[in-house]
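Inspection log for the structure reproduced underneath, given as structure tokens.
2 protein chains.
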Amino acid sequence: MKKELAHEYITLIPNLFGSFSELNKNATELSHMQNHVIEYLFMNKRAFNLKEISTGLDIAKQQLTNVVSALEVQGYLVKKPDPKDKRAVLIALTPKGKEVQEKKWAEIYNRFSQNLTKLNEEEQRDLQFALHKVNVLLTKMEG
Amino acid sequence: MKKELAHEYITLIPNLFGSFSELNKNATELSHMQNHVIEYLFMNKRAFNLKEISTGLDIAKQQLTNVVSALEVQGYLVKKPDPKDKRAVLIALTPKGKEVQEKKWAEIYNRFSQNLTKLNEEEQRDLQFALHKVNVLLTKMEG
DNA sequence: TTATTTAGTAATTATAATTTTACTAAATAT
DNA sequence: ATATTTAGTAAAATTATAATTACTAAATAA
Numbered sequence: 001m002k003k004e005l006a007h008e009y010i011t012l013i014p015n016l017f018g019s020f021s022e023l024n025k026n027a028t029e030l031s032h033m034q035n036h037v038i039e040y041l042f043m044n045k046r047a048f049n050l051k052e053i054s055t056g057l058d059i060a061k062q063q064l065t066n067v068v069s070a071l072e073v074q075g076y077l078v079k080k081p082d083p084k085d086k087r088a089v090l091i092a093l094t095p096k097g098k099e100v101q102e103k104k105w106a107e108i109y110n111r112f113s114q115n116l117t118k119l120n121e122e123e124q125r126d127l128q129f130a131l132h133k134v135n136v137l138l139t140k141m142e143g
Numbered sequence: 001m002k003k004e005l006a007h008e009y010i011t012l013i014p015n016l017f018g019s020f021s022e023l024n025k026n027a028t029e030l031s032h033m034q035n036h037v038i039e040y041l042f043m044n045k046r047a048f049n050l051k052e053i054s055t056g057l058d059i060a061k062q063q064l065t066n067v068v069s070a071l072e073v074q075g076y077l078v079k080k081p082d083p084k085d086k087r088a089v090l091i092a093l094t095p096k097g098k099e100v101q102e103k104k105w106a107e108i109y110n111r112f113s114q115n116l117t118k119l120n121e122e123e124q125r126d127l128q129f130a131l132h133k134v135n136v137l138l139t140k141m142e143g
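Sequence order for the protein chains is A and B.
Here full-length UniProt numbering is used: position 83 in the first sequence is 83, and no number is missing along the way.
Here full-length UniProt numbering is used: position 24 in the second sequence is 24, and no number is missing along the way.
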């Protein structure tokens, strides 16, 4: 039974792949790595220090020094000392950084809304209920 | 109502982000781009020509020439002429190419199964039902 | 207190990704 | 029949990413 459940989860990932890879298209002004960093900050909705980003994105902290400072110069994020650890620096998105991310998500949102017309009323209700359930339970699993 | 539905979908994406970014860790022998290409072929479960991969992954076809030929030399994929279009070349994963991908998914599978213990029996049943529903309906939406 | 980790920075080298231009051959449009 | 578009290849130049080594200062362990 757990086997089938895990299988459904595995199946879900490719089903979202389209939306997912769409995230980093028309990324004009930013490099791949720069995009990853602000995307990571945006998704997790809080400030991180360099080490946390390094672990979360599985890239060397040495690489982040340049990436982050470039993003800072361009106004996408700000660095401020961590009051709890004088070695560390907390990195947070600026309104400009958030805006860039929100724009990307808005495109996914629109495409989804358009495709929704392929489902009838009942299917749409079912999908909403099921998505909500999945979100609630996946969140619980991670906590 | 559609608004809330789209919102649930948007929420789902970050919930899967962890598993998703885990896909391309411990990618030892392959470069980033090489990984993307065989991952794309694996997820879509059929042969593609270069142009299709180029569009699907949003990278220039000129880049793929090198990436694909390197993967071919290493035995991850094979190229064969498209019988329907004499200009085109169909690219398909070899057993070796599939194996590398399956190994990565197995790790996600295991981690999910482990986290599953944080849910009780009823929640697990609910999750399975909801995931199944989501998969069926998202597939229908794309078709 | 002293030794060891840990967070961040910096510079260098090697490798990979991206862009540009240009070409061939097959497919399609006029 | 001719012109144009499309799939794939190729080479060069630019830029980005990755890996290595080394350093400072703060935190933590002994």
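Backbone N, C-alpha and C define an ideal beta-carbon position, used for all residues, glycine too.
Under DSSP, Asn49 (chain A) forms a beta bridge with A:Leu90. Distance from the CA of Glu142 (chain B) to the CA of Asp85 (chain B), rounded to the nearest whole angstrom, comes to 26 angstroms.
Sequence-distant Cβ neighbours of Ala60 (chain B) in its own chain, meaning closer than 6 angstroms and more than five residues away, do not exist here.
The beta carbons of Val68 (chain B) and Ile91 (chain B) sit closer together than 8 angstroms. Cβ-Cβ separation between Gln101 (chain A) and Ile53 (chain A): approximately 15 angstroms, too far for a contact (criterion under 8 angstroms). Listed in chain order, the alpha helix (DSSP H) runs fully inside the UniProt domain "HTH marR-type" (2-136) of chain B are 2-22, 32-44, 50-57, 61-73, 95-115, counting runs of at least 4 residues. Among the residues facing chain B, Met43 (chain A) is included, as its CB has a counterpart in that chain under 8 angstroms away. The beta-carbon of Asp85 (chain A) is placed no less than 8 angstroms from the nearest beta-carbon of chain B. Listed along the chain, the chain B residues whose CB falls inside 8 angstroms of the CB of Asn135 (chain A) are Glu8, Thr11, Leu12, Asn15. Below 8 angstroms, enough C-beta pairs join the segment 6-13 of chain A and the segment 109-121 of chain B to call them touching: three or more. A direct Cα-Cα distance of roughly 7 angstroms separates Asn135 (chain A) from Asn15 (chain B). At a cut-off of 8 angstroms between beta carbons, Ser19 (chain B) contacts chain A. Taking all protein chains in view, the Cβ of Gly75 (chain A) is surrounded by fewer than 16 other Cβ atoms within 10 Å, so the residue is classified as exposed. At least one C-beta of chain B is nearer than 8 angstroms to the C-beta of Met141 (chain A).
Burial check for Gln34 (chain A): the Cβ neighbour count within 10 Å reaches 16 or more, so the residue is buried. Counting C-beta atoms within 10 angstroms of its own C-beta, Ala130 (chain A) has 16 or more neighbours from the protein chains shown and is therefore classed as buried. Around the beta carbon of Gln128 (chain A), 16 or more other beta carbons sit within 10 angstroms, so the residue counts as buried.
Between the beta-carbon of Asp126 (chain A) and that of Leu137 (chain B) there is about 7 angstroms, and that keeps the pair under the 8 angstroms contact cut. Within the same chain, and ignoring the five residues on either side of Ser31 (chain A) in sequence, no residue has its Cβ closer than 7 angstroms to its Cβ. The beta carbon of Tyr40 (chain B) sits closer than 7 angstroms to those of Ile53, Gly56, Leu57, all from its chain and outside the five residues before and after it, given in chain order.
Among the residues of the segment 101-133 of chain B, those with a Cβ less than 8 angstroms away from any Cβ of chain A are Trp105, Ile108, Tyr109, Phe112, Ser113, Asn115, Leu116, Lys118, Leu119, Glu123, Gln124, Asp126, Leu127, Gln128, Phe129, Ala130, Leu131, His132, Lys133, in the order of the chain. Using beta-carbon distances, Leu57 (chain B) counts as an interface residue toward chain A, with a partner under 8 angstroms. The alpha-carbon of Lys103 (chain A) is positioned some 15 angstroms away from that of Ser21 (chain A). Leu5 (chain A) has a beta carbon lying within less than 8 angstroms of a beta carbon in chain B. Its chain contains Asn49, Ala88, Val89, Leu90 as the residues whose beta carbon lies nearer than 7 angstroms to that of Asp82 (chain B), once the 5 sequence neighbours on both sides are disregarded; these appear in chain order. Under the Cβ criterion of 8 angstroms, Lys51 (chain B) is not counted among the residues facing chain A. With a threshold of 8 angstroms between beta carbons, Lys2 (chain B) makes contact with chain A.
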